[in-house]
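Student:
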Amino acid sequence: MSAAAAPTSMTPPAAPARLAGLLVEFDEEHNLVEACRRVRDAGFTRWDAHSPFPVHGIDEAVGIRPTRLPLLVFAIGMLGTLTGLGLTTWANASEWFAPQNLPTNLQGYNFLVSGKPYVSLPAFIPVMFELTVLFAAFTAGLGMLALNGLPNFYNAVFRSPRFRRATTDRFFIYVEAADPRFNAHSTATLLSQLGGQVERIEEPTRVEQPPRWLFTVGIVAVTLSLLPLMVIARARVSKSREPKIHIIQDMDNQEKIKAQRASPVFADGRGPRFPVGMTREQPLGTTVARGDAISLKTDAHFFEGRAGGDWATAFPPQITVDEGLLHRGQQRFNIYCAPCHGYDGTGNGTVNNKGNSGERPGWTWVKPLSVNDQTVRDRANGHIFNTITNGIRTMPAYGDQIPEKDRWAIVAYVRALQRSGATTIDDVPADKRSELEKR
Amino acid sequence: MASISFDYDNTLEDPRRRAPLVIGDHDYKSLTDVVCGVAEAPRPPTAWFVAFGISTIVLATLGAMIAYLFFSGVGVWGLNNPVGWGFDITNFVFWVGIGHAGTLISAILFLFRQKWRTAINRFAEAMTIFAVICALLFPGIHVGRVWMAYYMGPIPNQMAMWPQFRSPLLWDVFAVGTYFSVSLLFWYLGMVPDLATLRDRATTKIRQIGYGIVSLGWNGSARHWHRYERAYLILAALSTPLVLSVHSVVSFDFATSVLPGWHTTIFPPYFVAGAIFSGFAMVMTLAIPARELFGLKDIITLRHMDNMNKIMLATGTMVGYAYTIEFFIAWYGGNLVERFVFVNRAFGPYAWAYWIMFSCNAFIPQLFWIKKVRTNIWAMFTISLLVNVGMWFERFVIIVTSLASDFLPSAWDSYRPTWVEILTFIGSFGLFMVPFLLFCRYLPVIAMAEVKTVMPHAHRHAAGSHGHTAPALTEVRA
Numbered sequence: 003m004s005a006a007a008a009p010t011s012m013t014p015p016a017a018p019a020r021l022a023g024l025l026v027e028f029d030e031e032h033n034l035v036e037a038c039r040r041v042r043d044a045g046f047t048r049w050d051a052h053s054p055f056p057v058h059g060i061d062e063a064v065g066i067r068p069t070r071l072p073l074l075v076f077a078i079g080m081l082g083t084l085t086g087l088g089l090t091t092w093a094n095a096s097e098w099f100a101p102q103n104l105p106t107n108l109q110g111y112n113f114l115v116s117g118k119p120y121v122s123l124p125a126f127i128p129v130m131f132e133l134t135v136l137f138a139a140f141t142a143g144l145g146m147l148a149l150n151g152l153p154n155f156y157n158a159v160f161r162s163p164r165f166r167r168a169t170t171d172r173f174f175i176y177v178e179a180a181d182p183r184f185n186a187h188s189t190a191t192l193l194s195q196l197g198g199q200v201e202r203i204e205e206p207t208r209v210e211q212p213p214r215w216l217f218t219v220g221i222v223a224v225t226l227s228l229l230p231l232m233v234i235a236r237a238r239v240s241k242s243r244e245p246k247i248h249i250i251q252d253m254d255n256q257e258k259i260k261a262q263r264a265s266p267v268f269a270d271g272r273g274p275r276f277p278v279g280m281t282r283e284q285p286l287g288t289t290v291a292r293g294d295a296i297s298l299k300t301d302a303h304f305f306e307g308r309a310g311g312d313w314a315t316a317f318p319p320q321i322t323v324d325e326g327l328l329h330r331g332q333q334r335f336n337i338y339c340a341p342c343h344g345y346d347g348t349g350n351g352t353v354n355n356k357g358n359s360g361e362r363p364g365w366t367w368v369k370p371l372s373v374n375d376q377t378v379r380d381r382a383n384g385h386i387f388n389t390i391t392n393g394i395r396t397m398p399a400y401g402d403q404i405p406e407k408d409r410w411a412i413v414a415y416v417r418a419l420q421r422s423g424a425t426t427i428d429d430v431p432a433d434k435r436s437e438l439e440k441r
Numbered sequence: 015m016a017s018i019s020f021d022y023d024n025t026l027e028d029p030r031r032r033a034p035l036v037i038g039d040h041d042y043k044s045l046t047d048v049v050c051g052v053a054e055a056p057r058p059p060t061a062w063f064v065a066f067g068i069s070t071i072v073l074a075t076l077g078a079m080i081a082y083l084f085f086s087g088v089g090v091w092g093l094n095n096p097v098g099w100g101f102d103i104t105n106f107v108f109w110v111g112i113g114h115a116g117t118l119i120s121a122i123l124f125l126f127r128q129k130w131r132t133a134i135n136r137f138a139e140a141m142t143i144f145a146v147i148c149a150l151l152f153p154g155i156h157v158g159r160v161w162m163a164y165y166m167g168p169i170p171n172q173m174a175m176w177p178q179f180r181s182p183l184l185w186d187v188f189a190v191g192t193y194f195s196v197s198l199l200f201w202y203l204g205m206v207p208d209l210a211t212l213r214d215r216a217t218t219k220i221r222q223i224g225y226g227i228v229s230l231g232w233n234g235s236a237r238h239w240h241r242y243e244r245a246y247l248i249l250a251a252l253s254t255p256l257v258l259s260v261h262s263v264v265s266f267d268f269a270t271s272v273l274p275g276w277h278t279t280i281f282p283p284y285f286v287a288g289a290i291f292s293g294f295a296m297v298m299t300l301a302i303p304a305r306e307l308f309g310l311k312d313i314i315t316l317r318h319m320d321n322m323n324k325i326m327l328a329t330g331t332m333v334g335y336a337y338t339i340e341f342f343i344a345w346y347g348g349n350l351v352e353r354f355v356f357v358n359r360a361f362g363p364y365a366w367a368y369w370i371m372f373s374c375n376a377f378i379p380q381l382f383w384i385k386k387v388r389t390n391i392w393a394m395f396t397i398s399l400l401v402n403v404g405m406w407f408e409r410f411v412i413i414v415t416s417l418a419s420d421f422l423p424s425a426w427d428s429y430r431p432t433w434v435e436i437l438t439f440i441g442s443f444g445l446f447m448v449p450f451l452l453f454c455r456y457l458p459v460i461a462m463a464e465v466k467t468v469m470p471h472a473h474r475h476a477a478g479s480h481g482h483t484a485p486a487l488t489e490v491r492a
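Structure follows, in structure tokens:
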């Protein structure tokens, strides 16, 4: 390397250094393209053009052959399609072809859903498609980096301070000294004729290495990071009498009712009890059990009509007897009770009349007791509530159909019917009596 | 020179000449200075600090709500039978939808040679990444036992259980997962040359090493650019069907069920149009303050805004068409339950939500027919905000009204979100804004290498003119 070879050298020659290549800078991209053609025609092979953005027409000027990347992307993309197909059929439809002596957690099986075929190809297409795109896209991205030799944090051109503008607004051609046609003198002359400034890039003969302790730290860190994996792998193949460690104490250890066991959930410690009501509770407005007193039906007065070991005579405190309740009770009574009991509660409902019509000889029908009957009048509110809930004689239970609050409303309406059933002419205000007498 | 063309109105349509995409008479150097200046400024604008402070508090709220949810269980949300999907899935679909604009701008507009995309694609891609993170959060935390969320993936496990691949919920895992990772790759690879610019301009050791590592040693080699451009084209070609597939798959979650109001074949295209619509609205919402704040008005010009508004007008009209045709089919199909559900949507207990949705998404964007509205910053900002609101309500209306009143009146019930759900939704904006603001501060917000290829400067030389002033701009003005 003679000193005359660098007519426009910018860097002072450093101590043991060798010429790595020649760099020439341009201001405008069209100058770069022109220059590239001349360098290409001069027969150089180990050289490159550098620009802050892809310059139009540079591929032809540099003589870049089309990349193999698309082929690679296609191949790996197809592999993605097959992976998708394999994964879906393996996991959901593999009993008929897969070997059965695999570890349990790797075995696939036939997954029957709604009688659909095990290999439901149309339903597997989304997964196949997504995996195709995933594989292909990562091949395109990482493959591009790999073919470009990136990441690569060292390049001799980075030694030039001027090259820093290669990513902003300047254009460069760099010819490596390793090129077979490279000649420090003639190549520099050629490059200087292209119109740019030529710079000698020199690199030390001994490349600086990272400090040695960095390697030690790296090896130790990698070894340590493998330890947890090794412990897990060992735990998977070994047996132990100790219970498993559960980081999240999920459903294995929770306070719940188990058959024939005491339960810490309830004050009396009793586990076995009636199941939580599964019907839709209108007044409570929820299907999921929330809150003890309501969902577990511990309030005997409200839910069963009992008070102190006997039928409750009063309405429960949750119920306010007012006009609204009576109207609700009337409406429910007319829906659920009137078909047999009749709208007035005397027992002359449609079903009853049909049953006693004699249309079908041999049929017997027990007429429901009138609400005005003395036995019914004497019954406590809770007793009538219980009759509605559980039924009596041929009358079925209505507890599953009518929510508690509505049953109490019906009880209130039955009381109203009894009141009206026992009226005499004396109960009617004097000025209205004449209207009744006319009838 | 600069002062002459600075306020040049590039929204004018002059058939004799292509309107410039970068104004302000920039050359490569000054453009790089402007864009890198955002990340290199010793101190960001005060508004950035205010926004970052608020976003951090909002993000902390999200963290608190999620912690509360994990410790107490999903009972702290207002979900119950029959409305088992409420705010959680509404937010999921909302965020996934917003995440569609990035890849649409990067990929589809790239394939269509829409060169104006270069100014906004980086921005929109970043938005996509952070929106999809928000989206992924919601299905993850709504599963009840979050520590079992890994069961969604096909992982060999000790119970020898595999997911059910005929379920659209599993397709979702694959579609959104693929979308997220491919978008991240696309975003990062697109950024590598610009990160190299930041590396080469770095003045401190830390910046040099940091940007040096993430730019992977990029040196702008022509051979690298060749493979890079090819890879970018392939990624765009792969992302285009991907972006269309993702929201189609999300719509399958609904369309493959038998629920009235969900079981319709129009859902995939309707959802995709809605996603693009909402995504562009969010790009507008973010781009308008950002271009003011960081001085990017020469690069994200009024013409870009105008173009985005036109896309919003088009997709908004498609969405409006979908709303209408759903009604027509509900009547024409002759299915009583279907008909009821749609009448109930428009006039039932959730009518308020329905009409917010309809007016924000279908009616208000029609204002974009007027050019004065399309080029007025305040008008478009307001409309983009309203579209965001409307698109959130679209998902709410679809999910909640159909679940609340399906076939049998005995199974009906209403849905009311709890404060936890509302704060979780608000908190997700923190998860979106905090990384976005950090992106604006530390990464190249504009795809500089791509903008340079569409600058009037580049075209002038490509055309062979050797002048050193900027005749292209001034001539158009004259």
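Residue numbers (my numbering), protein chains in the order written: chain A, 3 to 441; chain B, 15 to 492.
Idealized CB from N, CA, C, for every residue including glycine.
Does the distance from the CB of A149/B to the CB of V297/B come in under 8 Å?
Tutor: Not closer than 8 Å, so no.
Student: Measure from the C-beta of V177/A to each C-beta in chain B and report whether the shortest distance is under 8 Å.
Tutor: No, V177/A lies away from the interface with chain B (no Cβ there is under 8 Å from its Cβ).
Student: Alpha carbons only, please: which of T90/A, Y111/A, A139/A, S96/A is nearest the one belonging to I127/A?
Tutor: Measuring from the Cα of I127/A, the nearest candidate turns out to be T90/A.
Student: Scan the region 363 to 440 of chain A and note each continuous alpha helix (DSSP H) run of 4 residues or more that stays entirely inside, going in chain order.
Tutor: With a minimum length of 4 residues, the continuous alpha helix (DSSP H) runs that stay inside the region 363 to 440 of chain A are 376 to 380, 383 to 392, 406 to 423, 435 to 440.
Student: Does any C-beta atom of chain A lie closer than 8 Å to the C-beta of S259/B?
Tutor: At least one chain A Cβ lies under 8 Å of S259/B.
Student: Would you report the Cα separation of L21/A and Y176/A, rounded to the nearest angstrom?
Tutor: The straight-line gap from Cα to Cα measures roughly 12 Å.
Student: How long is the line joining the alpha carbons of K369/A and T315/A, rounded to whole angstroms?
Tutor: If you take the alpha carbons of K369/A and T315/A, they lie about 26 Å apart.
Student: What did DSSP end up calling R241/B once you bin it into helix, strand or coil?
Tutor: In this structure, R241/B counts as helix in the three-state DSSP scheme.
Student: Using DSSP with H/G/I as helix, E/B as strand and the rest coil, what is F113/A?
Tutor: F113/A: coil per DSSP, three-state reduction.
Student: Scan the region 29 to 64 of chain A and note each continuous beta strand (DSSP E) run of 3 residues or more that stays entirely inside, going in chain order.
Tutor: Fully enclosed beta strand (DSSP E) runs of 3 or longer: 49 to 52.
Student: Who pairs with Q102/A in a beta bridge, going by DSSP?
Tutor: For Q102/A, which the question treats as bridged, DSSP gives no partner whatsoever.
Student: With DSSP collapsed to three states, give me the class of Y345/A.
Tutor: Looking at Y345/A - three-state DSSP - the assignment turns out to be coil, as it is neither helix nor strand.
Student: Between which two residues does the alpha helix (DSSP H) harbouring P128/A extend?
Tutor: Segment 123 to 149, the alpha helix (DSSP H) holding P128/A.
Student: Just to confirm, are V64/A and L193/A a CB contact at a threshold of 8 Å?
Tutor: No, the Cβ-Cβ distance between V64/A and L193/A is not below 8 Å.
Student: Do F285/B and S262/B have their C-beta atoms within less than 8 Å of each other?
Tutor: A contact, by the Cβ cut-off of 8 Å.
Student: Can you grab the Cα-Cα spacing for the pair H447/A / A461/B, in whole Å?
Tutor: It is not possible to answer for residue 447/A, since the shown part of chain A is limited to 3 through 441.
Student: Within a Cβ cutoff of 6 Å, which residues of the same chain sit near A140/B, ignoring the five residues on either side of it in sequence?
Tutor: Excluding positions up to five away in sequence, the list reads F453.
Student: Could one say the Cβ of A22/A lies closer than 8 Å to chain B's Cβ atoms, at least one of them?
Tutor: Chain B, which has no Cβ nearer than 8 Å to the Cβ of A22/A, makes this no.
Student: Against chain A, with Cβ distances strictly below 8 Å, would I460/B count as a contact?
Tutor: Chain A, which has no Cβ nearer than 8 Å to the Cβ of I460/B, makes this no.
Student: Could you compute how far the alpha carbon of T161/B sits from the alpha carbon of I80/B?
Tutor: The residue asked about is misnamed: residue 161/B is Trp in this sequence, not Thr. Taking the straight line joining both Cα atoms gives about 13 Å.
Student: With 8 Å set as the bound, which would you pick, yes or no: does the beta-carbon of Q172/B sit closer than that to a beta-carbon of chain A?
Tutor: So, interface residue.
Student: Once the 5 residues before and after I122/B are set aside, which same chain residues still bring their CB inside 6 Å of it?
Tutor: Only T254 meet the Cβ criterion.
Student: Name the residues in the region 221 to 252 of chain B whose C-beta lies less than 8 Å from a C-beta of chain D; which are they?
Tutor: Absent here is chain D; the protein component of the structure consists of chains A and B.
Student: Using beta carbons (cut-off 8 Å, strictly below), is S162/A in contact with chain B?
Tutor: No - not a single Cβ of chain B is within 8 Å of the one on S162/A.
Student: Rounded to the nearest angstrom, what separates I440/B and F106/B at their Cα positions?
Tutor: Approximately 13 Å between the Cα atoms of the pair.
Student: Beta-carbon of T85/A versus every beta-carbon of chain B: anything under 8 Å?
Tutor: Not one chain B Cβ lies under 8 Å of T85/A.
Student: I believe T211/B touches P458/B by the beta-carbon criterion, under 8 Å. Please report the beta-carbon distance rounded to the nearest angstrom.
Tutor: Indeed they touch by this definition, with Cβ atoms about 7 Å apart.
Student: Chain A beta carbons: is any one of them nearer than 8 Å to that of P34/B?
Tutor: For P34/B, the answer is no, since every Cβ of chain A falls outside 8 Å of its Cβ.
Student: Buried or exposed for M319/B, going by 16 or more other Cβ atoms inside 10 Å?
Tutor: It counts as buried.
Student: Would you kindly report the start and end of the unbroken alpha helix (DSSP H) that includes P182/B?
Tutor: Start and end: 182 to 215.
Student: With a threshold of 8 Å between beta carbons, is M397/A in contact with chain B?
Tutor: Answer no: the Cβ-Cβ gap between M397/A and chain B never drops below 8 Å.
Student: Below 7 Å on C-beta distance, what does L89/A contact in chain B?
Tutor: Correct list: P168.
Student: Span of the beta strand (DSSP E) holding I175/A?
Tutor: That run of the beta strand (DSSP E) goes 173 to 178.
Student: The region 387 to 415 of chain B: which residues have C-beta closer than 8 Å to a C-beta of chain A, in chain order?
Tutor: Within the region 387 to 415 of chain B, no residue has a Cβ that lies closer than 8 Å to any Cβ of chain A.
Student: Which same chain residues, not among the five before or five after P18/A, have their C-beta less than 8 Å away from its C-beta?
Tutor: Within the same chain, P18/A has close Cβ partners P206, T207, R208.
Student: Which bits of chain B does G143/A rub up against, with CB to CB less than 7 Å?
Tutor: Correct list: L199, L203, A245, L249.
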